Amino acid sequence: MKPYIAVIDTGYSSYEYEAELFGKYGLELKLYEGDPHDYQLKHQFAENAVGILVRGTPIRRDFLEKAGHLKAIVRYGTGYDNVDLEAATKLGIRVANVQGYANHAVSDHAMALMYSCLRGLPVTQNNLSERFGKPPFPEIFELHDKTLGIIGLGRIGSHFARKATPLFRRTLATDPYIADHQFVESGTEKADLSTLLSESHVISIHCTLTEETRHLIDKGAFESMSKRPILINTARGPVIDEKALFNALERNLIHSAGIDVWEEEPVTERQTLLIQHP
1 MKPYIAVIDT
11 GYSSYEYEAE
21 LFGKYGLELK
31 LYEGDPHDYQ
41 LKHQFAENAV
51 GILVRGTPIR
61 RDFLEKAGHL
71 KAIVRYGTGY
81 DNVDLEAATK
91 LGIRVANVQG
101 YANHAVSDHA
111 MALMYSCLRG
121 LPVTQNNLSE
131 RFGKPPFPEI
141 FELHDKTLGI
151 IGLGRIGSHF
161 ARKATPLFRR
171 TLATDPYIAD
181 HQFVESGTEK
191 ADLSTLLSES
201 HVISIHCTLT
211 EETRHLIDKG
221 AFESMSKRPI
231 LINTARGPVI
241 DEKALFNALE
251 RNLIHSAGID
261 VWEEEPVTER
271 QTLLIQHP
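Here's what the structure looks like:
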């Protein structure tokens, strides 16, 4: 059988570039066309591949141990949290990502979510369609005298900082893995997490998902948010404890939340109450 590269998360309009590139090295490109949520079928499809191109499908130890021909995994995106890096390393399988992927797109989307929450656009739309513009109206505020907090100042976080910082009086950022000069270059002030949570009127999350950041924003974090901030997450869903988020909204601890990523994706029925929260 001809060695092949398996694309197990399809959806892009064309894979001609990949097919041409791998073809030069005698490799065939195969596209998975089954149920996008059937991970077992995806794993079976890729079991004999020498390489895998993946977006969100989990790649765990049990699969890697069966994939005897696998040499490399490349993720369409920036994070690695769906790949068991420890197992891949032990098995000699290289893992790569696409650095710089969607820096502008994701930071722009974070800006859009911030403005949507700031001006109460979802509430306003519902108000117009269901109550014909009658009260209650959304709670809105201005940014010029407010503080922005950014959690994670990597590529996307720093892009967001450069776009959003001019709108605020002050911008705080926390990231234990970057040099001090990077805070200065992005126009932010270095702060610890507790200070950022307590002093920010808008908080935008841009950190990677690790065991250290899983449920970083939990019940205690919400209770420390003294400014009732807008919370934005375009990073990874599990950085926020969704039960704590729902309780924070119920208790009016935060102004609103602009959420692009979820603890479970695709979204499940369990998350319905949170998604539909007014």
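Taking this note's numbering, the leading residue of the sequence shown gets 1, the next gets one more, and so forth.
We put the beta carbon where it would ideally sit given N, CA and C, even for glycine.
Being a predicted model, the structure only gives us computed values, none of them experimental.
- Assigned with DSSP and collapsed to three states, residue 8 falls in coil, not helix or strand.
- Two segments are said to touch when three or more pairs of C-beta atoms, one from each, lie closer than 8 Å; by this definition the region 90-98 does not touch the region 109-126.
- For the region 170-237, the full-length beta strand (DSSP E) segments reaching 3 residues or more read 170-174, 202-205 and 230-233 along the chain.
- Exposure of residue 140 is indicated by the presence of fewer than 16 other C-beta atoms within 10 angstroms of its C-beta.
- In the DSSP annotation of this structure, the continuous segment of the beta strand (DSSP E) that includes residue 94 starts and ends at 94-96.
- Residue 268 counts as exposed, since fewer than 16 other beta carbons sit within 10 angstroms of its beta carbon.
- At a Cβ-Cβ threshold of 8 Å, residue 83 and residue 70 do not count as neighbours.
- The C-alpha of residue 136 is placed about 42 Å away from the C-alpha of residue 100.
- Contact between residue 110 and residue 232 holds, with the beta-carbon distance rounding to 5 Å and staying under 8 Å.
- Between the alpha carbons of residue 75 and residue 7 lies a distance of about 10 Å.
- Of the candidates 262, 228 and 165, the residue whose Cα lies closest to the Cα of residue 242 is 262.
- With respect to the C-alpha of residue 163, the residue from 145, 178 and 204 having the closest C-alpha is 204.
- CA-CA distance, residue 181 to residue 17, rounds to 38 Å.
- Around the beta carbon of residue 152, a 10 Å sphere encloses 16 or more other beta carbons of the protein chains shown; the residue is thus reported as buried.
- Less than 8 Å separates the beta-carbon of residue 197 from that of residue 224.
- Taking the Cβ atoms as the reference, residue 188 lies roughly 7 Å from residue 165, within the contact range of under 8 Å.
- Where residue 254 is concerned, there is no enclosing beta strand (DSSP E), because DSSP gives it neither an H nor an E.
- Residue ranges of uninterrupted alpha helix (DSSP H) with 4 or more members, entirely inside the region 139-174 and ordered along the chain, are 155-164.
- Excluding five sequence positions before and after residue 66, the CB atoms of its chain that fall closer than 8 Å to its own CB belong to 43 and 47, given in chain order.
- Contact annotation: residue 206 and residue 230 have beta-carbon atoms that are not nearer than 8 Å.
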